[in-house]
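Engineer: Below is a structure I'd like to ask you about.
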Amino acid sequence: KQTIDITHWNRREHFEFFSRFDDPFFGITTLVNFTKAYEHIKAHRRPFFLSSVHFLLKCVNETEAFRLRTEDGKLVQYDTIHVSPTIGREDGTFGFGFFEYHTDIDIFIRNAEKEIERVKKGCGLSVTENTWRPDVIRYSALPWFAFSEMKHAGSIRTRDSVPRISTGKLTQENGRYNLPLSITVHHGLMDGRDVAEFLQNIETIKTFYKSIRPHGETFPEQTTPFPYTIMPRIKSFIDTGHDGSILTRGY
Numbered sequence: 418k419q420t421i422d423i424t425h426w427n428r429r430e431h432f433e434f435f436s437r438f439d440d441p442f443f444g445i446t447t448l449v450n451f452t453k454a455y456e457h458i459k460a461h462r463r464p465f466f467l468s469s470v471h472f473l474l475k476c477v478n479e480t481e482a483f484r485l486r487t488e489d490g491k492l493v494q495y496d497t498i499h500v501s502p503t504i505g506r507e508d509g510t511f512g513f514g515f516f517e518y519h520t521d522i523d524i525f526i527r528n529a530e531k532e533i534e535r536v537k538k539g540c541g542l543s544v545t546e547n548t549w550r551p552d553v554i555r556y557s558a559l560p561w562f563a564f565s566e567m568k569h570a571g572s573i574r575t576r577d578s579v580p581r582i583s584t585g586k587l588t589q590e591n592g593r594y595n596l597p598l599s600i601t602v603h604h605g606l607m608d609g610r611d612v613a614e615f616l617q618n619i620e621t622i623k624t625f626y627k628s629i630r631p632h633g634e635t636f637p638e639q640t641t642p643f644p645y646t647i648m649p650r651i652k653s654f655i656d657t658g659h660d661g662s663i664l665t666r667g668y
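Quick note: the sequence shown uses my numbering, first residue 418, plus one each step.
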């Protein structure tokens with residue numbers, strides 16, 4: 418990471434202004450066209466949940482403002498941002514995990530699967546020193562419903578500046594796959610145009626699979642989204658809807 422001298426930063430006054438707020442965060446909820454990403458992931462036969470998280474994380478890292486943080490009153494920019502997701506367990510609880518970002522999606526998936534196993538075998542929040550790192554985004558998937566509004570939990574006393582991203586149920590309409598997306602970010606670090614840049618990165622879907630698994634090896638096909646966050650106790654509710662909506666079937 419590097420410390421940024423805000424003396425001549427064009428957003429210095431904005432940074433100082435919003436940093437004095439009790440709650441300097443603003444949020445948006447929108448519906449993004451996830452068709453290209455969905456089709457690309459299916460074509461490469463990789464796990465949908467982890468592939469989607471990797472793709473979102475790549476878009477985060479390509480959006481400069483999402484790598485900014487405040488630390489001890491100073492402005493810093495990280496070289497790489499990782500993700501701390503919520504991971505569901507068989508007993509209906511969840512814990513916090515840590516997925517280290519790697520440009521090679523196959524390495525990312527292998528490491529993430531190990532972390533998922535760790536959280537699933539644990540209890541409580543499964544907090545580690547990595548889950549509370551500032552160089553992450555906090556991510557949750559809510560695959561049971563397509564939300565149109567959402568408020569993320571947070572504490573104004575911690576002076577936190579980490580972005581929070583949540584996704585809802587992936588639905589299909591007229592051949593298009595739509596993904597509800599909720600984003601909460603620190604207004605001292607970015608504005609609406611920065612969030613728009615992130616969303617544009619998602620919909621333009623620059624090539625993000627550069628690696629080929631050796632000897633033609635592939636991951637088992639998995640078309641249901643976000644399986645690792647499903648609570649088994651509502652398994653009977655989750656299925657493919659009559660309207661063609663894609664819902665997660667569970668573990």
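Beta carbons: idealized from backbone N, C-alpha and C, even for Gly.
From the DSSP output, read off the bridge partner residues of G592.
Structural biologist: In the DSSP output, where bridge partners are listed per residue, G592 has none listed.
Engineer: Go through its chain and collect everything with a Cβ distance to N547's Cβ below 7 Å, but skip five positions before and after it.
Structural biologist: F515
Engineer: What did DSSP end up calling E507 once you bin it into helix, strand or coil?
Structural biologist: coil
Engineer: Could you round the C-beta distance between F511 and V544 to whole angstroms and report it? I think they count as a contact, below 8 Å.
Structural biologist: F511 to V544, Cβ: 12 Å. No contact.
Engineer: Tell me whether G514 sits in a helix, a strand or coil according to DSSP, three-state version.
Structural biologist: coil
Engineer: Return helix, strand or coil for T728, following the three-state DSSP convention.
Structural biologist: Within the shown structure, residues of the chain are numbered from 418 to 668, placing residue 728 beyond reach of any answer.
Engineer: Nearest to G571 by alpha carbon, out of P502, I445 and D440?
Structural biologist: D440
Engineer: Report yes if the C-beta distance between L473 and T588 is below 9 Å; otherwise report no.
Structural biologist: no
Engineer: Taking the C-alpha atoms as reference points, what is the distance between P560 and H425?
Structural biologist: The alpha-carbon atoms of P560 and H425 are separated by roughly 44 Å.
Engineer: Beta carbon of T446, beta carbon of H603: below 9 Å?
Structural biologist: no
Engineer: Taking the beta carbon of L751 as the centre, do at least 16 other beta carbons fall within 10 Å, making it buried, or is it exposed?
Structural biologist: The question about residue 751 has no answer, for the chain in this structure spans 418 to 668.
Engineer: Assuming contact is defined by CB atoms lying nearer than 9 Å, are I526 and R463 in contact in what I supplied?
Structural biologist: yes
Engineer: Note down, one range per segment and in chain order, each beta strand (DSSP E) of at least 3 residues found wholly within the stretch 424-494.
Structural biologist: 442-450, 485-488 and 491-494
Engineer: Since P502 and V470 are thought to touch, with beta carbons under 8 Å apart, how far apart are those beta carbons, to the nearest angstrom?
Structural biologist: 7 Å
Engineer: Which two residues bound the contiguous alpha helix (DSSP H) that contains I498?
Structural biologist: From DSSP, I498 is part of no alpha helix (DSSP H); its letter is neither H nor E.
Engineer: If you reduce the DSSP assignment to three classes, tell me which class I522 lands in.
Structural biologist: Helix, per DSSP.
Engineer: Given this structure, state the Cα-to-Cα distance separating I629 from D521, to the nearest angstrom.
Structural biologist: In this predicted model, I629 has a pLDDT of only 36, less than 50, meaning its place in the structure is not dependable; the value taken from the coordinates is given anyway. Cα-Cα distance, rounded: 9 Å.
Engineer: Which class does V602 belong to by DSSP, given the choice of helix, strand or coil?
Structural biologist: Residue state for V602 is assigned as strand, using DSSP reduced to three classes.
Engineer: If we count the other Cβ atoms within 10 Å of its Cβ and call it buried at 16 or more, is L485 buried or exposed?
Structural biologist: buried
Engineer: Pull up the distance between the alpha-carbon of S557 and that of K568, whole angstroms please.
Structural biologist: Whole-angstrom Cα-Cα distance: 12 Å.
Engineer: Taking the CB atoms as reference points, tell me whether A482 and D577 lie closer together than 9 Å.
Structural biologist: D577 is positioned such that its CB atom lies no closer than 9 Å to that of A482.
Engineer: Report buried or exposed for F442, applying the criterion of at least 16 other Cβ atoms within 10 angstroms of its Cβ.
Structural biologist: By the 10 Å Cβ count, F442 comes out buried.
Engineer: Within this structure, are the beta carbons of P580 and R550 separated by less than 9 Å?
Structural biologist: Cβ distance not < 9 Å, so P580 and R550 don't count as in contact.
Engineer: Tell me which residue opens and which closes the beta strand (DSSP E) that V553 is part of.
Structural biologist: V553 to A558
Engineer: Considering Cα atoms alone, identify which of F562, E534 and L606 is closest to K448.
Structural biologist: The sequence shown places Leu at residue 448, not Lys. The option with the nearest alpha carbon to L448 is F562.
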